[in-house]
Amino acid sequence: MTQLIKDPPFPHNYASEMLGLDRGRGVHVWDTEGNRYLDLGAGIAVNALGYGRRDLARIASRQMRRLIHVSNLYATRPAIDLASLLLSLLNQRMGQYAAIQFGNSGSEANEAALKYARLYARNTRGPGHHKILSLSNAFHGRTMGALSATPNKKYSDPFEPLVPGMAVCDFNDVQGLESTLNDEFAAVIVEVVQGEGGLRVMSAEFAAALNRLCREHDVILIADEIQTGLGRTGPLFAGELVGLKPDILTLSKPLAGGLPLSATVIPEKINDLLKPGDHGTTFGGGPVTCSVANHVVNTIADPRFLARSSERGQQLALLLDGIVTESREISERRGTG
Numbered sequence: 027m028t029q030l031i032k033d034p035p036f037p038h039n040y041a042s043e044m045l046g047l048d049r050g051r052g053v054h055v056w057d058t059e060g061n062r063y064l065d066l067g068a069g070i071a072v073n074a075l076g077y078g079r080r081d082l083a084r085i086a087s088r089q090m091r092r093l094i095h096v097s098n099l100y101a102t103r104p105a106i107d108l109a110s111l112l113l114s115l116l117n118q119r120m121g122q123y124a125a126i127q128f129g130n131s132g133s134e135a136n137e138a139a140l141k142y143a144r145l146y147a148r149n150t151r152g153p154g155h156h157k158i159l160s161l162s163n164a165f166h167g168r169t170m171g172a173l174s175a176t177p178n179k180k181y182s183d184p185f186e187p188l189v190p191g192m193a194v195c196d197f198n199d200v201q202g203l204e205s206t207l208n209d210e211f212a213a214v215i216v217e218v219v220q221g222e223g224g225l226r227v228m229s230a231e232f233a234a235a236l237n238r239l240c241r242e243h244d245v246i247l248i249a250d251e252i253q254t255g256l257g258r259t260g261p262l263f264a265g266e267l268v269g270l271k272p273d274i275l276t277l278s279k280p281l282a283g284g285l286p287l288s289a290t291v292i293p294e295k296i297n298d299l300l301k302p303g304d305h306g307t308t309f310g311g312g313p314v315t316c317s318v319a320n321h322v323v324n325t326i327a328d329p330r331f332l333a334r335s336s337e338r339g340q341q342l343a344l345l346l347d348g349i350v351t352e353s354r355e356i357s358e359r360r361g362t363g
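Heads up: the sequence shown begins at 27 in our numbering, then just goes up one per residue.
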């Protein structure tokens with residue numbers, strides 16, 4: 027019989043009753059009473075390779091015996107290798123990038139992206155070009171800057187006033203984008219597939235408008251691929267589906283197979299403006315997480331892995347379309363991958 031843990035010693039922003047999990051293997055987890063569950067959420071899009079991976083445990087254990095943590099004043103081979111790998115994969119697919127800022131979470135990655143965009147605008151166009159445009163129903167995180175770019179009052183109202191200079195445009199509204207975006211903006215931050223926003227997929231037409239208008243106004247285009255990146259939608263990056271060409275790209279959730287790690291990927295034109303102290307992290311890009319992430323990314327980037335991801339996505343879409351056709355209550359199927 028399933029036993030819920032009542033009143034765990036966590037803040038009240040979590041549930042008062044929680045299922046206590048003990049172990050996992052593949053796509054299943056077991057609670058403390060030995061009951062098995064199928065985790066359709068993959069740990070909220072984190073466990074891309076599944077639970078209980080012995081290969082990941084071996085890699086982490088080996089690196090922990092060598093070096094667990096160093097100051098960010100020093101470089102480690104796992105971090106260098108991971109940054110080089112991600113840059114190579116991205117430069118083959120999405121654009122031209124020069125450097126990677128590691129962090130610990132998706133919110134951190136988006137905070138860094140917003141800072142870098144404002145830094146670029148201030149250095150190239152001067153003060154007064156600091157506004158950030160996000161899209162309706164977006165979700166970019168819960169830290170203050172990322173929350174301010176998340177136009178959902180359920181999350182933001184209790185914490186107002188938010189970071190100033192934020193604006194919102196409707197998702198997939200090309201005319202709205204054209205009438206809103208101007209040189210007052212430092213950045214536009216977008217998701218190709220909105221998770222919290224209802225699994226809505228960006229149109230190729232809207233992606234093309236984003237590419238064009240951001241170039242025209244010298245506005246930094248940020249692709250939040252925290253949840254969609256690394257094979258989740260079929261290709262390695264969701265931007266490939268619609269031809270999006272972001273200046274900055276953020277990654278996290280599945281990046282280290284369950285360990286906390288994020289990446290903010292930046293181009294040379296931003297990297298050239300940075301100086302020591304402009305941004306930093308204590309734990310981001312540690313040797314243990316980066317060692318595991320190297321293996322995770324290499325595994326996912328294998329063309330056979332991506333082909334199977336696309337195949338499974340198509341099978342799921344057909345299955346769900348059949349359910350929609352036969353149902354009187356379900357109006358549509360959304361999402362991709």
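Just so you know, even glycine gets a beta-carbon here, dropped at the ideal spot from N, CA and C.
Ile326 vs Ala125 beta-carbon contact at 7 Å: One-based indexing of the sequence shown puts residue 326 at position 300. One-based indexing of the sequence shown puts residue 125 at position 99. Going by C-beta atoms, Ile326 is not nearer than 7 Å to Ala125.
Would Asp273 pass as an interface residue toward chain B - the criterion being a Cβ-Cβ separation below 7 Å? Of the chains in the structure shown, none is chain B; there is only one protein chain.
Return yes when the Cβ of Leu270 is within less than 7 Å of the Cβ of Ala249, no when it is not. To locate residue 249, count along the sequence shown from 1; it is residue 223. To locate residue 270, count along the sequence shown from 1; it is residue 244. The answer is yes: Cβ separation under 7 Å.
Buried versus exposed call for Thr259 [16 or more other C-beta atoms within 10 Å across all chains shown]: Here the question's residue 259 lines up with position 233 in the sequence shown. By the neighbour-count rule (16 or more Cβ atoms within 10 Å), Thr259 is buried.
Using DSSP with H/G/I as helix, E/B as strand and the rest coil, what is Gly337? In the sequence shown, residue 337 corresponds to position 311, counting from 1. The identity of residue 337 in the sequence shown is Glu, whereas the question assumes Gly. Glu337: helix per DSSP, three-state reduction.
Can you tell me which of Gly283, Ile349, Gly311 puts its alpha carbon nearest to the alpha carbon of Ala71? For the purposes of this step, residue 71 is taken as residue 45 along the sequence shown, with counting starting at 1. Of Gly283, Ile349, Gly311, the residue nearest in Cα terms is Gly283.
Ile106 versus Ala86, Asn73, Gly52, Asn320, residue with shortest Cα-Cα distance: The sequence position of residue 106 within the sequence shown is 80, counting from 1. Among Ala86, Asn73, Gly52, Asn320, the Cα nearest to that of Ile106 belongs to Asn320.
Assuming Thr276 and Ala139 are in contact, meaning their beta carbons sit under 8 Å apart, how far apart are those beta carbons, in whole angstroms? One-based indexing of the sequence shown puts residue 276 at position 250. One-based indexing of the sequence shown puts residue 139 at position 113. Sure, about 5 Å apart at Cβ, within 8 Å.
For Asn163 and Val323, what's the separation of their Cα atoms in angstroms? To locate residue 163, count along the sequence shown from 1; it is residue 137. To locate residue 323, count along the sequence shown from 1; it is residue 297. Distance between the alpha carbons of Asn163 and Val323 is about 29 Å.
Inter-residue spacing [alpha-carbon to alpha-carbon] between Asn73 and Arg84: As a working note, residue 73 is residue 47 in the sequence shown. As a working note, residue 84 is residue 58 in the sequence shown. In a straight line, the C-alpha of Asn73 is about 17 Å away from that of Arg84.
Coarse secondary structure for Glu44, derived from DSSP in three states: Position 18 of the sequence shown, counted from the first residue, corresponds to residue 44. The question names Glu, but residue 44 in the sequence shown is Met. Here Met44 sits in strand by DSSP.
Three-state secondary structure assigned by DSSP to Tyr123: Locating residue 123 in the sequence shown gives position 97, counting from the first residue. Residue state, collapsed to three classes: coil.
Mind checking which residues open and close the beta strand (DSSP E) that includes Ile94? In the sequence shown, the residue the question calls residue 94 occupies position 68. First-last for Ile94: undefined, no H or E at that position.
Start and end of the beta strand (DSSP E) containing Met228? Within the sequence shown, numbered from 1, the residue matching residue 228 stands at position 202. Run containing Met228: none; DSSP gives neither H nor E here.
Beta carbon of Gly132, beta carbon of Gly167: below 7 Å? As a working mapping, residue 132 is identified with position 106 in the sequence shown. As a working mapping, residue 167 is identified with position 141 in the sequence shown. Result yes, Cβ atoms of Gly132 and Gly167 sit closer than 7 Å.
Give me the Cα-Cα distance between Gly255 and Glu358, rounded to the nearest whole angstrom. In the sequence shown, the residue the question calls residue 255 occupies position 229. In the sequence shown, the residue the question calls residue 358 occupies position 332. So the alpha carbons of these two residues sit roughly 24 Å apart.
May I ask which residues mark the beginning and end of the beta strand (DSSP E) holding Thr368? Any question about residue 368 goes unanswered here, given that the chain covers just 27 to 363.
Using the Cα positions of Ile274 and Thr169, report the straight-line distance between them to the nearest angstrom. To locate residue 274, count along the sequence shown from 1; it is residue 248. To locate residue 169, count along the sequence shown from 1; it is residue 143. Approximately 19 Å, taken between the alpha carbons.
For the candidate residues His156, Ser353, Ala264, whose alpha-carbon lies nearest to that of Met367? It is not possible to answer for residue 367, since the shown part of the chain is limited to 27 through 363.
Check Thr276 in the structure and name its three-state DSSP category. To locate residue 276, count along the sequence shown from 1; it is residue 250. Of the three classes helix, strand and coil, the one that applies to Thr276 here is strand, per DSSP.
DSSP beta-bridge partners of Met192: If you number the sequence shown from 1, residue 192 lands on position 166. BP columns for Met192 point to Ile158.
Outcome for Asn117 when other beta-carbon atoms lying within 10 angstroms are tallied against a minimum of 16: Mapped onto the sequence shown, residue 117 falls at position 91. Classification for Asn117: exposed.
Give the secondary structure of Arg79 by DSSP, where H, G and I count as helix, E and B as strand, and everything else as coil. For the purposes of this step, residue 79 is taken as the residue at position 53 of the sequence shown. Note: Arg79 maps to coil in three-state DSSP.
Exposed or buried, what is Arg79 when buried is set at 16 or more other beta-carbons lying within 10 Å of its beta-carbon? Reading the sequence shown from its first residue, position 53 is the one you call residue 79. By the neighbour-count rule (16 or more Cβ atoms within 10 Å), Arg79 is buried.
Three-way DSSP call (helix, strand, coil) for Phe309 in this model: Sequence index remark: in the sequence shown, residue 309 carries index 283 (1-based). Here Phe309 sits in coil by DSSP.
To the nearest angstrom, report how far apart Pro187 and Leu287 are at their CA atoms. Taking the first residue of the sequence shown as position 1, residue 187 is located at position 161. Taking the first residue of the sequence shown as position 1, residue 287 is located at position 261. Cα to Cα, Pro187 sits roughly 29 Å from Leu287.
Hey, Pro104 and Gln127 are a contact pair by Cβ (cut 8 Å); roughly how many whole angstroms apart? Residue mapping note: residue 104 aligns to position 78 of the sequence shown, counting from 1. Residue mapping note: residue 127 aligns to position 101 of the sequence shown, counting from 1. In fact, because the Cβ distance is near 16 Å, the residues do not count as touching under 8 Å.
Throw me the rounded Cβ distance for the Leu299 and Leu145 pair, which I believe falls under 8 Å. Numbered from 1 along the sequence shown, position 273 holds the residue referred to as residue 299. Numbered from 1 along the sequence shown, position 119 holds the residue referred to as residue 145. With 8 Å as the limit, Leu299 and Leu145 qualify as a contact, their Cβ atoms being about 6 Å apart.
If you compare alpha carbons, which of Val318, Leu262, Thr351, Pro272 is closest to Arg330? Stepping through the sequence shown from its first residue, residue 330 is reached at position 304. Checking every option, the nearest Cα to that of Arg330 belongs to Leu262.
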